[in-house]
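Heads up, the thing below is written out as structure tokens.
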Amino acid sequence: MSALISSSIARKVVMALSGLFLVLFLAQHFTINLTSVIAPDTFNEWSHFMGYNPLVQYLLQPILIAGIIVHFVMGIALEIQNNRARKIGYVKYNGSANAPWTSRNMIITGLVVLAFLGLHMYDFWVHEMAYKYVEASPEDPTRYYAETVEKFEPIWRTVIYVIAFILLAMHLWHGFSSSFQSMGWNNKYSAGLQTFTKIYAIAIPAGFIFIALYHHFNPITH
Amino acid sequence: MNLKLKVWRQNDAHAKGKMVDYSISGIEGDMSFLEMLDILNENLINEGKEPVEFDHDCREGICGSCSLQINGEPHGPDRFITTCQLHMRKFKDGDTIVIEPFRATAFPVIKDLVVDRTAFDRIQQAGGYISVNTSGNTVDANAIPVQKEAADEAMDSATCIGCGACVAACKNASAMLFTSAKVSQFALLPQGQVEATERVKNMVRQMDLEGFGNCTNTGACEVECPKGISLENIARMNREYLKAQAKG
Amino acid sequence: MGILDSKVPSGPLADKWTKHKNEINLVNPANKRNIDIIVVGTGLAGGSAAATLAELGYNVKTFCYQDSPRRAHSIAAQGGINAAKNYQGDGDSNYRLFYDTIKGGDYRSREGNVYRLAEVSSNIIDQCVAQGVPFAREYGGLLDNRSFGGVLVSRTFYAKGQTGQQLLLGAYSAMNRQINRGKIKAYNRHEMLDLVLVDGKARGIIARDLVTGEIERHSAHAVVLASGGYGNVFFLSTNAMGSNVMAAWRAHRRGAFFANPCFTQIHPTCIPVSGEHQSKLTLMSESLRNDGRIWVPAKLEDAKAIREGKLKPTQIAEEDRDYYLERRYPAFGNLVPRDVASRAAKERCDAGFGVNKTGEAVYLDFSAAIMRYGKEKALTSGIKDPSDETVRKLGEEVVEAKYGNLFQMYEKIVDENPYKTPMMIYPAVHYTMGGLWVDYNLQTTIPGCYAAGEANFSDHGANRLGASALMQGLADGYFVLPYTIGDYLSDDIRTGPIPTDSPEFDHAEKEVRERIEKLMSGSGKHSVDYYHKKLGKIMWNKCGMARNAQGLQEAINEISELRKDFWENVKVPGDMNTMNQELEKAGRVADFLELGELFAKDALHRNESCGGHFREEYQTPEGEALRDDENFKYVAAWEYKGEPKDAELHKEELIYENIELKTRSYK
Numbered sequence: 001m002s003a004l005i006s007s008s009i010a011r012k013v014v015m016a017l018s019g020l021f022l023v024l025f026l027a028q029h030f031t032i033n034l035t036s037v038i039a040p041d042t043f044n045e046w047s048h049f050m051g052y053n054p055l056v057q058y059l060l061q062p063i064l065i066a067g068i069i070v071h072f073v074m075g076i077a078l079e080i081q082n083n084r085a086r087k088i089g090y091v092k093y094n095g096s097a098n099a100p101w102t103s104r105n106m107i108i109t110g111l112v113v114l115a116f117l118g119l120h121m122y123d124f125w126v127h128e129m130a131y132k133y134v135e136a137s138p139e140d141p142t143r144y145y146a147e148t149v150e151k152f153e154p155i156w157r158t159v160i161y162v163i164a165f166i167l168l169a170m171h172l173w174h175g176f177s178s179s180f181q182s183m184g185w186n187n188k189y190s191a192g193l194q195t196f197t198k199i200y201a202i203a204i205p206a207g208f209i210f211i212a213l214y215h216h217f218n219p220i221t222h
Numbered sequence: 001m002n003l004k005l006k007v008w009r010q011n012d013a014h015a016k017g018k019m020v021d022y023s024i025s026g027i028e029g030d031m032s033f034l035e036m037l038d039i040l041n042e043n044l045i046n047e048g049k050e051p052v053e054f055d056h057d058c059r060e061g062i063c064g065s066c067s068l069q070i071n072g073e074p075h076g077p078d079r080f081i082t083t084c085q086l087h088m089r090k091f092k093d094g095d096t097i098v099i100e101p102f103r104a105t106a107f108p109v110i111k112d113l114v115v116d117r118t119a120f121d122r123i124q125q126a127g128g129y130i131s132v133n134t135s136g137n138t139v140d141a142n143a144i145p146v147q148k149e150a151a152d153e154a155m156d157s158a159t160c161i162g163c164g165a166c167v168a169a170c171k172n173a174s175a176m177l178f179t180s181a182k183v184s185q186f187a188l189l190p191q192g193q194v195e196a197t198e199r200v201k202n203m204v205r206q207m208d209l210e211g212f213g214n215c216t217n218t219g220a221c222e223v224e225c226p227k228g229i230s231l232e233n234i235a236r237m238n239r240e241y242l243k244a245q246a247k248g
Numbered sequence: 001m002g003i004l005d006s007k008v009p010s011g012p013l014a015d016k017w018t019k020h021k022n023e024i025n026l027v028n029p030a031n032k033r034n035i036d037i038i039v040v041g042t043g044l045a046g047g048s049a050a051a052t053l054a055e056l057g058y059n060v061k062t063f064c065y066q067d068s069p070r071r072a073h074s075i076a077a078q079g080g081i082n083a084a085k086n087y088q089g090d091g092d093s094n095y096r097l098f099y100d101t102i103k104g105g106d107y108r109s110r111e112g113n114v115y116r117l118a119e120v121s122s123n124i125i126d127q128c129v130a131q132g133v134p135f136a137r138e139y140g141g142l143l144d145n146r147s148f149g150g151v152l153v154s155r156t157f158y159a160k161g162q163t164g165q166q167l168l169l170g171a172y173s174a175m176n177r178q179i180n181r182g183k184i185k186a187y188n189r190h191e192m193l194d195l196v197l198v199d200g201k202a203r204g205i206i207a208r209d210l211v212t213g214e215i216e217r218h219s220a221h222a223v224v225l226a227s228g229g230y231g232n233v234f235f236l237s238t239n240a241m242g243s244n245v246m247a248a249w250r251a252h253r254r255g256a257f258f259a260n261p262c263f264t265q266i267h268p269t270c271i272p273v274s275g276e277h278q279s280k281l282t283l284m285s286e287s288l289r290n291d292g293r294i295w296v297p298a299k300l301e302d303a304k305a306i307r308e309g310k311l312k313p314t315q316i317a318e319e320d321r322d323y324y325l326e327r328r329y330p331a332f333g334n335l336v337p338r339d340v341a342s343r344a345a346k347e348r349c350d351a352g353f354g355v356n357k358t359g360e361a362v363y364l365d366f367s368a369a370i371m372r373y374g375k376e377k378a379l380t381s382g383i384k385d386p387s388d389e390t391v392r393k394l395g396e397e398v399v400e401a402k403y404g405n406l407f408q409m410y411e412k413i414v415d416e417n418p419y420k421t422p423m424m425i426y427p428a429v430h431y432t433m434g435g436l437w438v439d440y441n442l443q444t445t446i447p448g449c450y451a452a453g454e455a456n457f458s459d460h461g462a463n464r465l466g467a468s469a470l471m472q473g474l475a476d477g478y479f480v481l482p483y484t485i486g487d488y489l490s491d492d493i494r495t496g497p498i499p500t501d502s503p504e505f506d507h508a509e510k511e512v513r514e515r516i517e518k519l520m521s522g523s524g525k526h527s528v529d530y531y532h533k534k535l536g537k538i539m540w541n542k543c544g545m546a547r548n549a550q551g552l553q554e555a556i557n558e559i560s561e562l563r564k565d566f567w568e569n570v571k572v573p574g575d576m577n578t579m580n581q582e583l584e585k586a587g588r589v590a591d592f593l594e595l596g597e598l599f600a601k602d603a604l605h606r607n608e609s610c611g612g613h614f615r616e617e618y619q620t621p622e623g624e625a626l627r628d629d630e631n632f633k634y635v636a637a638w639e640y641k642g643e644p645k646d647a648e649l650h651k652e653e654l655i656y657e658n659i660e661l662k663t664r665s666y667k
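Residue numbers (UniProt numbering), protein chains in the order written: chain A, 1 to 222; chain B, 1 to 248; chain C, 1 to 667.
Below, the structure is given as structure tokens:
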């Protein structure tokens with residue numbers, strides 16, 4: 001563990017690995033969410049499985065939370081170190097001349113996504129925890145669809161979600177392909193991989209945005 | 001051309017510096033950026049003021065002495081050149097040019113625009129060599145065949161001039177491009193294999209000790225490098241480092 | 001023989017070095033730990049010497065004015081390094097390299113030294129490859145060679161156009177290994193200001209820390225000067241801005257003889273001066289002459305129209321161009337040695353045929369090569385009846401592959417596309433063959449003070465061949481000096497550390513301080529550069545590519561007056577207890593102002609033309625150099641006697657036992 005903190009390269013590899021793990025998670029999350037648009041029953045079924053399967057609940061969920069924590073704690077630690085590496089800044093720094101905005105502002109996009117995660121956890125995860133463990137309410141495999149759609153009724157929440165996903169796209173735009181470079185993977189396949197990561201960075205958040213907007217504009221009529 | 005200059009002036013390492021404005025006239029497009037500064041200094045000396053100190057030596061883009069952050073970019077707006085090869089035709093009459101030292105905690109300012117880049121030397125001393133005695137009693141040069149592609153690639157990495165533009169450009173003041181260029185040169189050659197594990201560990205350790213930042217893969221270093229050292233070198237060093245750690 | 005003993009061993013030429021190594025005294029490894037050596041300058045010669053000496057076990061202190069040893073000006077050498085490896089099987093041998101070097105130097109170097117240089121040249125390549133220097137290779141994985149500088153074999157090893165850089169980084173890495181072991185202590189941003197003699201032996205230096213301004217004393221059992229050449233006496237040269245003669249000149253003032261100062265190499269292919277502001281000249285590799293044709297307009301009115309910008313070079317018809325090298329030297333054409341090519345350019349420009357706005361430039365034209373390569377390429381690519389445009393395009397691609405980086409460099413500086421319009425070039429000061437006189441052991445006339453690389457005078461005679469400077473620097477540093485210095489130091493194993501509180505150090509430091517104070521107390525009329533530029537003009541106009549007795553006498557007087565004016569009126573701002581680049585420059589220019597005069601005096605006394613020294617009085621009716629072996633077959637070593645004009649001449653006769661002296665002919 002000490003090696004992880006003491007070497008810059010190892011720290012970056014930790015960032016890359018945790019990031020890639022979260023990228024994978026996004027794909028899985030997106031797949032489930034997509035069913036809420038095309039097949040509400042499937043959505044309910046899968047959500048219920050995720051919510052009550054012990055493997056998911058007691059192994060994968062803690063890993064996911066740990067992954068998120070590692071990623072943002074390390075990200076902030078790196079940021080602090082990076083700031084220390086240039087204590088006196090430039091009067092004029094023309095960063096856009098040599099690097100895209102997204103790559104230079106991972107901390108901003110990352111923190112926005114993190115803040116969004118707070119809201120998102122409050123909306124769904126805290127709610128779930130309360131439902132299952134505090135209120136100890138009974139299992140109800142049909143409640144998820146309605147609860148989800150309901151969340152997108154207020155315009156403010158939908159807007160926040162849309163903005164957060166745009167920033168997530170920016171975060172992924174640099175982060176996804178960058179993680180391979182950090183792990184030492186830069187070769188003749190890199191160009192192809194780059195294209196894939198860019199498509200992914202746009203497609204997945206766009207998909208999430210679509211789902212949010214879809215539910216906002218198609219509320220369940222009581 | 002008439003220009004306005006905003007130049008960082010700082011008396012010594014401990015003094016607090018500040019930007020000072022100067023006006024300069026009669027600048028021609030054929031002049032190099034450093035020749036423009038020569039004229040500024042000649043004017044300052046004649047006015048009884050102290051000239052601006054800046055590092056420079058070969059003035060042909062190979063020694064790596066000259067530095068300068070010009071309008072927010074190391075070695076100014078042109079590409080694949082050092083400041084001494086930047087010509088004034090890249091600027092327009094009436095322009096304001098901001099001139100600052102390369103900024104990094106590991107590159108403390110010595111005076112005005114001169115910074116201390118000995119951190120780079122210490123990284124090299126930690127392992128940037130092949131431990132062979134200089135007796136000349138080595139094997140014949142052609143006894144070690146090297147694939148042409150590997151030799152060419154090693155040469156591309158070896159062209160680093162150690163100017164520090166990579167650090168200056170990096171938003172994190174990371175020295176990964178510099179360090180990885182040397183690690184790569186030896187990693188690509190059979191002669192470098194024997195000490196590969198220790199070399200990369202020692203050089204990275206020293207790089208971290210010097211207080212450089214971490215690599216965010218923004219690619220700014222590659223864009224600003226006067227010699228076009230590629231980001232592939234950083235990936236290769238990451239690989240070499242992970243391999244070395246796996247070996248223990 | 002006079003008082004100069006070259007100490008070249010007797011016996012057959014090929015056995016001298018081996019015999020010498022077998023006979024000299026060695027220092028046992030345990031005793032080496034008790035011996036300190038100072039190395040001033042960390043280029044190819046100094047860096048390699050420091051690394052090797054440290055590896056042998058001596059305690060080494062290195063000094064360089066740059067912020068890192070890696071920045072020494074050896075780094076700027078482009079073309080390559082010679083070695084008699086005969087990898088190409090084209091008949092090369094130690095003897096042939098030796099012969100070419102002596103002949104190229106116009107028979108003004110020592111046979112014994114030059115043969116040794118050729119002998120160890122192969123070792124240099126082995127050594128550098130083992131260090132990881134990425135020399136160019138062929139597809140089979142073996143080392144590639146190119147031909148260079150008008151010799152008949154391919155013996156030049158190269159690393160793109162950055163051979164000097166790669167070799168220097170090799171020596172720097174060897175130094176780093178020793179720094180890491182604690183055997184070398186590197187004093188960077190330090191400048192040697194004086195040599196300290198104790199009992200007639202070199203025992204240390206006075207140096208200034210260029211960051212703090214502190215004056216420091218450093219003692220050692222021997223001092224190695226590897227501080228490079230003095231081309232910057234001309235102000236404009238291809239040397240780095242900081243290259244200077246101070247270390248060598250301080251040693252000269254303390255008793256080291258200065259040899260052949262007038263032997264200076266003017267390189268023919270540099271980018272011309274563009275105006276008064278110019279601070280330095282940029283070299284374009286000599287390899288360009290392999291494909292470029294050099295010409296000026298044949299008609300004076302055309303040349304004038306070009307200078308006024310009314311005519312473009314591409315508008316001048318083939319028959320109105322004067323390919324003067326091909327005209328004068330049909331056998332070697334554009335590939336004549338550097339000195340011959342340089343003088344021919346000057347001759348045309350002086351006659352009014354020069355082409356850029358200053359009138360001091362000639363064309364180096366690649367259009368013929370582009371078309372030739374283009375046709376070849378079209379043929380091999382199976383393109384039938386290609387249009388001129390296609391041929392040109394294909395040819396440009398071939399030329400780009402060969403010289404792309406040089407063309408790009410030219411375009412950045414001159415802002416003209418050399419693929420479309422001919423390059424302009426003009427000769428510039430590049431290398432100084434003269435330097436501190438040394439014997440076969442590389443020891444100067446001061447016991448314990450050694451000189452290596454360009455700082456000594458030894459191997460290149462009156463003219464240096466291309467790709468030989470790197471060879472000499474590394475030969476001296478890796479393979480010669482570390483052995484020969486042991487012979488001297490074997491007497492010092494019981495000496496113990498040299499104290500720095502002796503009266504000799506006190507005295508030297510006092511002199512250094514007084515000199516700095518004097519430099520800083522000038523009336524303040526003119527800046528240091530003002531004097532340096534004036535000196536450069538005198539040198540270039542009167543001691544440059546062609547010299548005559550009258551001009552040289554004028555130069556002596558003018559430099560002497562300029563020096564007086566300098567000491568009275570120079571302006572050095574700031575103070576000495578801090579970084580002060582003007583003060584650094586002032587100290588260097590002060591020494592150039594003395595050296596320049598000795599240079600002119602040497603040139604005036606040498607009544608012959610040989611190599612880089614061309615006296616207008618001594619030429620054939622066709623304008624070729626006229627050497628005088630009967631009267632000037634010697635090394636002129638000057639002893640310091642106060643003013644440069646009072647310097648005393650000592651002659652070391654050159655003895656040729658293995659080579660017959662001939663007139664160089666490139667016709």
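Every residue gets a Cβ at the ideal spot worked out from N, C-alpha and C, and that includes glycine. A quick note: this is a predicted structure, and the numbers were derived from the prediction, not measured.
Applying the 10 Å Cβ sphere with the 16-neighbour rule, what's the burial state of residue i?
i      : result
E622/C : exposed
M1/C   : In this predicted model, M1/C has a pLDDT of only 41, less than 50, meaning its place in the structure is not dependable; the value taken from the coordinates is given anyway. Exposed is the call here.
M1/A   : Confidence is the limiting factor: at M1/A the pLDDT is only 48, short of 50, which leaves the residue's position unreliable, though a coordinate-based value still follows. Exposed is the call here.
M579/C : buried
P124/C : As written in the sequence, residue 124/C is Ile, which differs from the Pro given in the question. So I124/C counts as buried.
G352/C : exposed
S157/B : buried
Starting from residue i, trace the beta strand (DSSP E) in both directions and tell me its first and last residue.
i      : result
G104/C : Counting along the chain, G104/C falls outside any beta strand (DSSP E), though it belongs to the alpha helix (DSSP H) covering N94 to G104.
For chain B, find out if any of its Cβ atoms is closer than 8 Å to the Cβ of residue i; answer yes or no.
i      : result
M1/A   : For M1/A, the predicted model reports a pLDDT of 48, less than 50, meaning its position is unreliable; a value from the coordinates is still stated below. It does not: the Cβ of M1/A has no partner Cβ on chain B nearer than 8 Å.
P268/C : no
M129/A : no
R208/C : no
D529/C : yes
Which residue marks the beginning of the alpha helix (DSSP H) containing residue i, and which one marks its end?
i      : result
V528/C : V528 to K542
S157/B : K148 to A158
Quick test of your reading: residue i and residue j, contact by CB under 8 Å. State the CB separation rounded to the nearest angstrom.
i      : j      : result
H73/C  : A240/C : 4 Å
R155/C : L97/C  : 7 Å
Let me check one thing: in DSSP terms, what residues is residue i bridge-paired to?
i      : result
S219/C : G204/C
Any beta carbon from chain A within less than 8 Å of residue i's own beta carbon?
i     : result
K92/B : no
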